[in-house]
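Reading through the structure tokens given below for one structure.
Protein chains: 2
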Amino acid sequence: MLYTIGDVSEKTGLPAPTLRYYDKEGLLPFVNRGNGGIRKFQDTDLEWLRLIECLKASGLQIKDIKRYIDLFIQGDTTIQERRKMFYDQKECVEEDIKALQNTLDMLTYKCWFYDMALELGSVEAVKNLPDSEIPEKIRKLKAKINRMHVSSCQKKSIVKAG
Amino acid sequence: MLYTIGDVSEKTGLPAPTLRYYDKEGLLPFVNRGNGGIRKFQDTDLEWLRLIECLKASGLQIKDIKRYIDLFIQGDTTIQERRKMFYDQKECVEEDIKALQNTLDMLTYKCWFYDMALELGSVEAVKNLPDSEIPEKIRKLKAKINRMHVSSCQKKSIVKAG
DNA sequence: GTTTCCCTTAAAGTTAACTTTAAATTTTAA
DNA sequence: TTAAAATTTAAAGTTAACTTTAAGGGAAAC
Chain A
1 MLYTIGDVSE KTGLPAPTLR YYDKEGLLPF VNRGNGGIRK FQDTDLEWLR
51 LIECLKASGL QIKDIKRYID LFIQGDTTIQ ERRKMFYDQK ECVEEDIKAL
101 QNTLDMLTYK CWFYDMALEL GSVEAVKNLP DSEIPEKIRK LKAKINRMHV
151 SSCQKKSIVK AG
Chain B
1 MLYTIGDVSE KTGLPAPTLR YYDKEGLLPF VNRGNGGIRK FQDTDLEWLR
51 LIECLKASGL QIKDIKRYID LFIQGDTTIQ ERRKMFYDQK ECVEEDIKAL
101 QNTLDMLTYK CWFYDMALEL GSVEAVKNLP DSEIPEKIRK LKAKINRMHV
151 SSCQKKSIVK AG
């Protein structure tokens, strides 16, 4: 099964110029061309795109993903380096998830806060609520948030891959 | 307790020029100035910075955060809009966490794959492994990944906040 | 056949969030 | 009192990842 760039764009949701940009940056070295120089994508190319999007989501930059593809092309001598790349990225993503969970705690607290503000008619009224009126769950959240530092909601993703 | 911009930079890890940039963009309207025009941060300003970093981590842009601060300054008439903002962002972050968990599944699989490749000496050997040699956990992961679309590891964070 | 898509490239433009620079002023330490 | 360190501003520069534009070529619908 062969696909044009338009087919792939529709299948993946990535704009065709983005796919051409990825190709230009060396992220799609396996995509063949037809007579008139027209790209013919295969199912394996769609799998590559899925991996590329995953690596991007994990915080890797285009040039780092190209680095991985270059290593792949070099073959089995680069297994160690590729392995390290995935372990490093896994660690980054685990930290990102933790950071996002802190962010989610803050947002959950704020959602409760503004639910109450809407109910009581003012922000001040919520601030003046006695502790006994605040659900246990929210009190714990508030305490956790107060222990947080600025850096606990920041991402660590950017790492020199290699 | 009052802090200079240098103190705050050290406390938060944010470079002083970044703090000035936030101020210029209207994110720090509560920071007072001394005689010579020098910023005097208070503990409440540090709390604002913590909220700002959380909102940034949730995917909000600077201008959206400014919008929130403007709404805050306007007072209780904007409670509904602020509430909606937090609910929208909460939803975004929940989706981001799900996407990152898909990314993590892919990376976990790849880590196993390259552990095996290192052990067996080649990528091909891992591809040729009979199903019976693949741990149940990894087989499930592989099946899950095969069901994934490109979009399942993409972030949804960017939303017109309002 | 021709018109209309869809494809191609190269190159310029966009955007957000800083970051750097330069020049001036203020504060702090000796 | 003076020198060093930190602060101020405005403005220009940077970076990544696209996105848009322009100019052209080949295949399918009518």
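Which chain is which? The protein sequence lines are A and B, in order. Counting in our numbering, the first sequence tops out at residue 162, every number present. Counting in our numbering, the second sequence tops out at residue 162, every number present. Here a beta-carbon is modelled for each residue, glycine too, at the ideal position from N, C-alpha and C.
Spatial neighbours of residue i in its chain, beta-carbon cut-off 7 Å, leaving aside the 5 residues before and after
| i | result |
| --- | --- |
| L120 of chain A | V126 |
| A16 of chain A | I5, G6, S9 |
| K66 of chain A | E25, G26, L27 |
| A99 of chain A | S152, C153, Q154, K155 |
| W112 of chain B | I138 |
| I145 of chain B | D105, M106, Y109 |
| D43 of chain A | M1 |
| I69 of chain A | G26, L27, P29 |
| N102 of chain B | M148, S152, C153 |
DSSP three-state assignment for residue i, whether helix, strand or coil
| i | result |
| --- | --- |
| V159 of chain A | Annotation note: pLDDT 48 at V159 of chain A (below 50); position unreliable, coordinate value reported separately. Reduced to three states, the DSSP call for V159 of chain A is coil. |
| G19 of chain A | Before going on, a small fix: residue 19 of chain A reads as Leu here, not Gly. Helix at L19 of chain A. |
| L71 of chain A | helix |
| L141 of chain B | helix |
| Q154 of chain A | coil |
| V8 of chain B | helix |
Residue i - partner residues in DSSP beta bridges
| i | result |
| --- | --- |
| Y3 of chain B | B:F41 |
Proximal residues to residue i (C-beta, below 8 Å), its chain only, five neighbours per side dropped
| i | result |
| --- | --- |
| T108 of chain B | L141 |
| K40 of chain B | L2, Y3, T4, V31, N32, R33, G34 |
| A143 of chain B | none |
| E47 of chain B | none |
| T78 of chain B | L71, F72 |
| I134 of chain A | K142 |
Cβ-based neighbour list, residue i, same chain, cut-off 6 Å, excluding 5 preceding and 5 following
| i | result |
| --- | --- |
| L129 of chain B | none |
| R82 of chain B | L71 |
| Y22 of chain B | L28 |
| V123 of chain B | A117 |
| D76 of chain A | none |
| L55 of chain A | I65 |
| I62 of chain B | E25 |
Return the residues of the stretch 84 to 103 of chain B that lie within a Cβ-Cβ distance of less than 8 Å from chain A, sorted by chain order.
-> F86, Y87, Q89, K90, V93, E94, D96, I97, A99, L100, Q101, N102, T103
Entirely enclosed alpha helix (DSSP H) segments - the stretch 23 to 64 of chain A, minimum 4 residues = 43 to 57
For the stretch 85 to 139 of chain B, list the alpha helix (DSSP H) runs that are entirely contained and at least 4 residues long, ordered along the chain.
-> 123 to 127
Please name the residues in the stretch 17 to 46 of chain B whose beta-carbon is closer than 7 Å to at least one beta-carbon of chain A, in chain order.
-> none
Along the stretch 63 to 83 of chain A, what residues have a CB closer than 9 Å to any CB found in chain B?
-> F72, G75, D76, I79, Q80, R82, R83
When you check each C-beta in the stretch 129 to 154 of chain A against every C-beta of chain B, which residues fall closer than 7 Å?
-> M148, V150, S151, C153, Q154
Chain B contacts made by the stretch 4 to 15 of chain A, where a contact means CB separation under 9 Å = K11, T12, G13, L14
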